[in-house]
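Residue numbers (this note's numbering): 256 to 371.
See the structure below:
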């Protein structure tokens with residue numbers, strides 16, 4: 256599975272990259288702290304899935320997801336957030352799942368099993 260990761264907080268991005276990189280059959284094709292750069296690159300990178308932080312400046316995760324899905328209709332979107340309450344605000348945004356921070360090997364592994 257080709258994965259793109261977007262989180263404006265560098266430590267959270269690094270943690271997500273680390274956990275995902277330890278999973279079999281996962282190739283991280285892009286990692287971004289800037290959602291606008293991620294959107295620009297998504298068409299060329301052709302990810303199967305995108306792990307998106309919900310709270311980001313310039314472009315929130317939900318809006319980024321909608322724009323990515325317009326460019327890459329088959330992309331699976333997974334929202335990553337520190338606040339469960341934020342997930343209530345994205346009910347109208349199609350996604351394949353969500354994870355609460357801090358991410359863990361178990362959370363990622365279980366989510367990826369569901370996506371397969």
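The beta carbon of each residue, even a glycine, is placed where N, CA and C say it ideally should be.
Computed from a prediction, not measured in an experiment: that's the story for all the values here.
Query	Result
Close beta carbons around residue 283, own chain, < 7 Å, minus the five adjacent residues each side	258, 260, 272, 275, 276
Sufficient close CB pairs (3 or more, under 8 Å) joining the stretch 293-306 to the stretch 321-335	yes
Three-state secondary structure assigned by DSSP to residue 374	Lying outside 256 to 371, the shown extent of the chain, residue 374 is not represented and no answer is given.
Local Cβ density within 10 Å of residue 359, reported as buried at 16 or more and exposed below that	exposed
Test item: CB-CB of residue 278 and residue 364 under 8 Å	yes
Length of the line joining the Cα atoms of residue 306 and residue 334	6 Å
Contacting residues, own chain, Cβ-Cβ under 8 Å from residue 214 (five flanking each side not counted)	Any property of residue 214 remains undetermined from this structure, which presents the chain solely from 256 to 371.
Sequence-distant residues of the same chain with beta carbon closer than 6 Å to residue 281, five excluded per side	256, 258, 275
Residue 285 versus residue 262 - alpha carbon distance	11 Å
Classification of residue 325 by the beta-carbon crowding that lies within 10 angstroms, buried from 16 upward	exposed
Those runs of the beta strand (DSSP E) which lie wholly inside the stretch 288-316 and span at least 3 residues	304-308
Nonlocal neighbours in the same chain, by C-beta distance under 8 Å from residue 321, ignoring five residues either side	348
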